[in-house]
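Some notes on the structure that comes next.
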């Protein structure tokens, strides 16, 4: 888990990020004149899982899938907006905060493609984003229920509970 605090008085911001391994990371933010000049530079001794997470988060900001709405209108669905994927019959749907898109891929393809962006399989028909879980609670028969940021609940089946818990604990 990352905590960040910014001073509110400067246009060139500096901050400290607290990483889970009890050390602080210096962050500097400068305002630039054009979108073409924007960049993120990571300077580290070794590419640890924490830095890998930061890199993947930055890379995912512009990544998207082609999604289709009811009228078969093709739209860009950005990775950082997707809460979870659901397979219903032969179709796969991506759920965002307030929209549902049909994705023209199989769920196993999406699962493999989305692993670096903190997506994980949680049942036979769901792949969810770990970063979009508000809370989790036990359900009946060894299952868990994940409450998502859009207010919906997603069931984590017994087969995947251990794997999901492990992935969440690694992010703390």
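In this note's numbering, the protein residues as written are 1101 to 1272. Even for Gly, the Cβ is constructed at its ideal location relative to N, Cα and C.
- Considered as a whole, the segment 1115-1189 harbours 1149-1160 as its complete alpha helix (DSSP H) runs of no fewer than 4 residues, in chain order.
- C-alpha of residue 1233 to C-alpha of residue 1217: approximately 14 Å in a straight line.
- Out of 1161, 1230, 1210, the CA that lies nearest to the CA of residue 1265 is found in 1230.
- Here residue 1269 is exposed, its C-beta having fewer than 16 other C-beta atoms within 10 Å.
- When secondary structure is reduced to three states using DSSP, residue 1194 falls in the strand class.
- Rounded to whole angstroms, the separation of the alpha carbons of residue 1172 and residue 1153 is 34 Å.
- Under the three-state reduction of DSSP output, residue 1239 falls in the coil class, being neither helix nor strand.
- With the rule of 3 Cβ pairs closer than 8 Å, the segment 1159-1171 counts as touching the segment 1195-1207.
- Residue 1178 and residue 1163 do touch by the CB rule: their CB atoms are close to 7 Å apart, below 8 Å.
- Short of 8 Å from the beta carbon of residue 1183, and not among the five residues preceding or following it, lie these beta carbons of its own chain, in chain order: 1195, 1196, 1197, 1228, 1229, 1232, 1248, 1249, 1250, 1252.
- Nearest Cα to residue 1188 within the set 1140, 1158, 1155, 1223: 1223.
- The alpha-carbon separation between residue 1255 and residue 1235 amounts to approximately 12 Å.
- Distance from the Cα of residue 1125 is smallest, within the candidate group 1138, 1151, 1135, 1136, for 1151.
- When 1260, 1211, 1141 are compared, the shortest CA-CA separation from residue 1185 is found for 1211.
- Taking residue 1238 as the centre and dropping the five residues before and after it, the same chain places the C-beta of 1244, 1245 closer than 8 Å to its C-beta, in chain order.
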